[in-house]
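Going down the list, the sequences are from chains A and B.
For the first sequence, the numbering used here assigns the number 2 to the initial residue and increments by one for each residue that follows.
For the second sequence, the numbering used here assigns the number 3 to the initial residue and increments by one for each residue that follows.
Glycine included, every Cβ here is placed at the ideal spot set by N, Cα and C.
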Amino acid sequence: QQPVQSPQAVILREGEDAVINCSSSKALYSVHWYRQKHGEAPVFLMILLKGGEQKGHDKISASFNEKKQQSSLYLTASQLSYSGTYFCGAEDSGGGADGLTFGKGTHLIIQP
Amino acid sequence: DTAVSQTPKYLVTQMGNDKSIKCEQNLGHDTMYWYKQDSKKFLKIMFSYNNKELIINETVPNRFSPKSPDKAHLNLHINSLELGDSAVYFCASSQEGGNGYTFGSGTRLTVV
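The following block contains the structure:
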């Protein structure tokens with residue numbers, strides 16, 4: 002079953018912060034986050050494996066609450082380069098070969 | 003060096019034709035996938051192969067047939083193309099315990 006992402010779209014000014022949420026009705030083994038720019042392939046941002054795990058690089062970080070079956074992606078002090086569509090991908094079992102089920106995406110626009 | 007390469011990048015064809023899309027990865031990953039992205043950007047898994055063995059075959063019409071001659075290649079053959087097959091098809095690969103999926107640049111298929 003497809004994870005639910007919110008919001009569907011968000012428009013920010015450069016330097017503002019954003020939070021994108023991803024929730025699943027199924028127990029999750031891991032959550033992935035990807036960014037896709039127009040006309041390009043999705044690019045891997047990070048994977049969260051354990052309940053309560055938080056990760057981050059640069060000004061993009063994420064958390065995973067295994068009990069609530071939710072993950073959030075945090076973008077702080079957003080830059081123009083952050084624009085794109087963000088997808089969360091849910092994996093409900095380990096092993097990796099079962100594939101990810103992606104949310105419908107969150108379209109992020111950063112304006113100067 | 004391109005990690006996951008797909009050919010062709012664009013494919014325009016008439017209804018009823020048969021076409022193939024090729025995918026190769028040089029990352030040494032064990033698992034490869036085909037995803038379909040529709041006009042609303044929804045990424046849906048079609049097939050998953052692990053070491054040349056089919057793991058997942060989602061509810062995809064049997065006009066779609068994947069073939070994996072070795073673990074570095076996963077091709078997609080489509081028979082009797084229909085208008086509704088128009089989409090962007092992404093190949094991806096991953097490794098258990100690794101860092102997410104690496105996507106190919108996509109093949110934009112247009113059926114006229």
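(request) Take Gln16(B) and list the residues in its own chain whose beta-carbon comes closer than 8 Å to its own, dropping the five residues that flank it on each side. (result) Taking the second sequence and counting its residues from 1, the one referred to as residue 16(B) is at position 14. These residues qualify, in order along the chain: Leu83, Val113, Val114.
(message) Just verifying my parser: in three-state terms, what is the DSSP assignment at Gly90(A)?
(response) Along the first sequence, one-based indexing puts residue 90(A) at 89. The answer is strand: DSSP assigns Gly90(A) an E or B state.
(request) Mind checking which residues open and close the beta strand (DSSP E) that includes Ser31(A)? (result) Position 30 of the first sequence, counted from the first residue, corresponds to residue 31(A). Unbroken beta strand (DSSP E) run through Ser31(A): 31-37.
(message) Tell me which residues share the same chain as Met38(A) and place their Cβ nearer than 6 Å to its Cβ, disregarding the 5 neighbours each side in the sequence.
(response) For this step, residue 38(A) is matched to residue 37 along the first sequence. The residue asked about is misnamed: residue 38(A) is Lys in this sequence, not Met. Hits under 6 Å: Gly85.
(message) Can you check whether the C-beta of His33(A) is within less than 7 Å of a C-beta belonging to chain B?
(response) For the purposes of this step, residue 33(A) is taken as residue 32 along the first sequence, with counting starting at 1. Chain B contact via Cβ: present.
(message) Using only the alpha-carbon positions, how far apart do Glu92(A) and Gly106(B) sit?
(response) Within the first sequence, numbered from 1, the residue matching residue 92(A) stands at position 91. Within the second sequence, numbered from 1, the residue matching residue 106(B) stands at position 104. Those two C-alpha atoms are separated by around 20 Å.
(request) Taking only beta-carbon positions, decide if Tyr12(B) is within less than 7 Å of chain E. (result) Any reference to chain E falls outside this structure, whose protein chains are A and B.
(message) Looking at the strands, I want to know which residues DSSP matches up with Ile110(A).
(response) As a first step, residue 110(A) must be located in the first sequence, where it is residue number 109. In the DSSP output, where bridge partners are listed per residue, Ile110(A) has Ile12(A).
(request) Have a look at Lys105(A), Gln112(A), Leu109(A) and flag the residue whose alpha-carbon is nearest the alpha-carbon of Phe121(B). (result) Residue coverage of chain B in this structure runs from 3 to 114, which leaves residue 121(B) outside it and unanswerable.
(request) Could you tell me whether any Cβ in chain B is nearer than 7 Å to the Cβ of Gly85(A)? (result) The sequence position of residue 85(A) within the first sequence is 84, counting from 1. No - not a single Cβ of chain B is within 7 Å of the one on Gly85(A).
(message) Only counting the same chain, and skipping five residues up and downstream in sequence, which positions put a Cβ closer than 7 Å to that of Asn52(B)?
(response) Here residue 52(B) is taken as the residue at index 50 of the second sequence, counted from 1. Setting aside the 5 residues that flank it on each side, Asn52(B) is surrounded in the same chain by Asp32, Thr33, each with a C-beta closer than 7 Å to its C-beta; the list follows chain order.
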